[in-house]
Each structure stands twice: as C-alpha cells, then as structure tokens.
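**Student:**
In UniProt numbering, the protein residues as written are 1 to 117.
1. Among 115, 55, 3 and 73, which residue has its Cα nearest to the Cα of residue 14?
2. Pull up the DSSP beta-bridge partners for residue 11, would you.
3. Does DSSP classify residue 44 as helix, strand or coil?
4. Does residue 113 pass the burial test, meaning 16 or more other C-beta atoms within 10 Å, or should it be called exposed?
5. Grouping DSSP H, G and I as helix and E and B as strand, with all else coil, what is residue 114?
6. Thinking residue 65 and residue 76 are a contact (beta carbons under 8 Å), I'd like their distance in whole angstroms, please.
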C-alpha cells in the first residue's frame, strides 16, 4: 500500500498497522489543539495506544469522504464509538501530506458531537 488514497483510508479507519511501513522517519502528527507527535516511533506508539484504547469498542463510520490528488489526501469522517461505557460520536478531518512516497505529515481536527437519544 503506497498510494496516498489507500494510506489515508487505512489511517482514518484506524487500520494503523497497515500504514507503519510508509511512515517517514521524521513524520509529524498534529492533533490540532491538543498534541504534536514527532518521529516514526512516537507515531507508532501513539497509534498502538489508540488501538489498545479501542479494544472492545464497536466503531461505525456514518460518514467517510476521501479526496486525494498528487502528494496529498484528506478524509472527512464521522464515527460512532460504542463500548460498555456508552456511545460517543466524533467528527474528524485528517489531512495527509506525502514526501518521496512516504507519509510525512498528518494533521487531525476532531470534535465530539452530541450523541442523539
């Protein structure tokens, strides 16, 4: 998997392990307003923490729009997360920038939405 579209879809659908081989050594992942993670090992570590936190959680994507052109891609996503503690709905937009075929920059915008009912 090397096409920006495929990489963006995998990452935004939490299939992080599919993306590890194409992370640039100096990749930067910015969650706007909360954190900036620098370097392949740090990004992989954060992805693994996220996967552990999602264990036992049902994830349903109610919106998934992906656009890609050249060395960039973006995903507009709404996901419903359900676990024994309840349900949350998160809207997000992830912007991916590639350099020499490697994923070099990830910028994520996230907001928790009101859960209906």
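All C-beta atoms, glycine included, are put in the ideal place defined by N, C-alpha and C. On a predicted model such as this, the values are computed, not experimentally measured, just so you know.
**Tutor:** According to the data block:
1. Sequence index remark: in the chain shown, residue 14 carries index 14 (1-based). It is 55 whose Cα lies nearest to the Cα of residue 14.
2. Here the question's residue 11 lines up with position 11 in the chain shown. According to DSSP, residue 11 bridges with nothing at all.
3. In the chain shown, residue 44 corresponds to position 44, counting from 1. Helix.
4. As a first step, residue 113 is located in the chain shown; it is residue number 113 there, counting from the start. Exposed, since its Cβ has fewer than 16 Cβ neighbours within 10 Å.
5. Locating residue 114 in the chain shown gives position 114, counting from the first residue. DSSP places residue 114 in coil when its eight states are reduced to three.
6. As a working note, residue 65 is residue 65 in the chain shown. As a working note, residue 76 is residue 76 in the chain shown. Yes, they are in contact, since the Cβ atoms of residue 65 and residue 76 sit about 4 Å apart, within 8 Å.
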